[in-house]
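Data first, discussion second: the structure below is written as structure tokens.
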Amino acid sequence: MQRFPQIGDEEMKKRKKITLQDIAQKLGLSTAAVSKALSGHPGIGEQTRREVEETAAMLGYDKRRKRSGLSANDESEEQLVVLLVVERHNLTDPHFTSVYLSLDRELKAGGCRLDLLPVDLATDTPSELRLPAVKPHVNLLFGLIPEGIAAKLIQSGIPSIAFDNEYHLAPHIDSIGANDYAGAYLAVRHLFENGHRHIGFIGDHNLSPSFCQRGHGFLDAMRRFGLPIDERCIINLQLRNADGSINLDSIHESLLLEHMPTAFFCANDPIAFHVSQKLVARGIDVPGQVSLIGFDNLEAAKWNAPPLTTIHFPRENVGILVMEMIRRRLAEPNGTTIRTLLNPHLVVRQSVAMRPQSSHQSDH
């Protein structure tokens, strides 16, 4: 995440626009916490809320901006329109759905309208891209978008924000996503602390930058804990079909291993769900013989059999942070590019079992 230099109160007062980031920096809080405090959101202590309100007043923060995506100096009643661009097959993906709900809730609370533009990885081209009749104020690019289409949107002159992806052809645009690398470390550490030494990974390095970072994080964490990396148990699937849809059927053949690890870190929850089903179908006990950790903490994770231990993607803060990022970019079109990484955390359920100490030697 881009760090901003410390500045004094008097200099802040001279600014035309004070943002949530300024208040957060002053108090040592996250922008999400500041936004919740100013909104009367539950879960914020009374003392923290009072400190935030007092600091906001001292710095001259205009609370009207909290209810509007436009700057406080814009007296028009025009509604700010955010165009969410997403690959068509992601529309039914549980991860997208949960993030979309967070975005829609916070953007509406900020007086914005969220429009949706589905694109097709297999067939859509920049020349065929049909933009909505109402020109958006901001483009929000969700996940993997064909580079040609992304480039057309970014070069349109409309401010763009990348979510859960980075566009190397346009390093100047703001981005937001999870710290996937750190999440992988949390997963390996939890398995290590539960006695596992022979750990595998299941993902698809080509599916998305997030999956790639989770794979890198897994390998580095294994080295950090001095664990052997068994290449036979690093399963790199090809999950995306030619038409852009996701196919998890290849997981079954990938699990026909002669030397099964005692645990797998799966690059997301749906992979972990399928692995769990396939292992149980083969008479392999989960977690008795093979433990599993997923990533995302989808709602279905708690209903899996057994309930899935996973890495939580902090989607509840996405909408607040995107709203703040939009405000800052509209107020400072040529300001410093910001890359925000949300820190994930471990959610322990019942899919990881303690590995008996006596079995460590056999794991190698």
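Position one of the sequence shown corresponds to residue 1 (full-length UniProt numbering), numbered consecutively onward. Built from N, CA and C at the ideal position, the CB exists for glycine as well.
Within the same chain, L298 come within 6 Å of P94 by CB-CB distance, once the 5 residues on both sides are set aside. In the three-state DSSP reduction, F218 falls in the helix class (H, G or I).
Here I229 is exposed: its Cβ has fewer than 16 other Cβ atoms, across all protein chains shown, within 10 Å. Annotation for H172: T337 place their beta carbon closer than 8 Å to its own, counting only its chain and skipping 5 residues before and after. Counted as a single uninterrupted DSSP element, the stretch harbouring H259 is not any alpha helix (DSSP H), since DSSP gives it neither H nor E.
The DSSP-derived three-state label of G319 is helix. With respect to I251, I271 sits close: the two C-beta atoms are nearer than 8 Å. Annotation: V286 to S351 spans about 6 Å, alpha carbon to alpha carbon. In this structure, DSSP gives L117 an extended state, which the three-state scheme calls strand. Collapsing the DSSP output to three states places E106 in a helix. DSSP, read as helix, strand or coil, puts R197 in coil.
Beta-bridge partners assigned by DSSP to H345: H312. In this structure, V82 is the residue among P306, V82 and V52 with its C-alpha nearest to the C-alpha of V134. For E54, the enclosing alpha helix (DSSP H) stretches over residues E46 to L59. Using a Cβ distance threshold of 8 Å, Y181 and H216 count as a contacting pair. Pairing D220 with V119, the inter-Cα distance amounts to about 35 Å. When DSSP states are grouped into helix, strand and coil, I229 belongs to the coil group. Secondary structure note for D249: it is in no alpha helix (DSSP H), with a DSSP letter that is neither H nor E. Within the same chain, Cβ atoms closer than 8 Å to the Cβ of D104 are found at L114 and G319, the five residues on either side in sequence being excluded. For E147, the enclosing alpha helix (DSSP H) begins and ends at E147 to I154. In this structure V188 is not in contact with I202, their Cβ atoms being roughly 14 Å apart against a cut-off of 8 Å. For S127, no alpha helix (DSSP H) run applies, since DSSP gives it neither H nor E. A contact is defined here as three or more CB-CB pairs under 8 Å, and the region 327 to 334 fails this definition with respect to the region 258 to 278. Judged by DSSP secondary structure, A272 falls within the alpha helix (DSSP H) whose first and last residues are D269 to A281. If you ignore the 5 residues before and after S175, its C-beta comes within less than 6 Å of the C-beta of A162, E166 and R339, all in its own chain and listed in chain order.
Counting along the chain, L141 sits inside the beta strand (DSSP E) bounded by residues V138 to F142. If you draw a 10 Å sphere on the C-beta of N334, you find fewer than 16 other C-beta atoms in it, and that means exposed.
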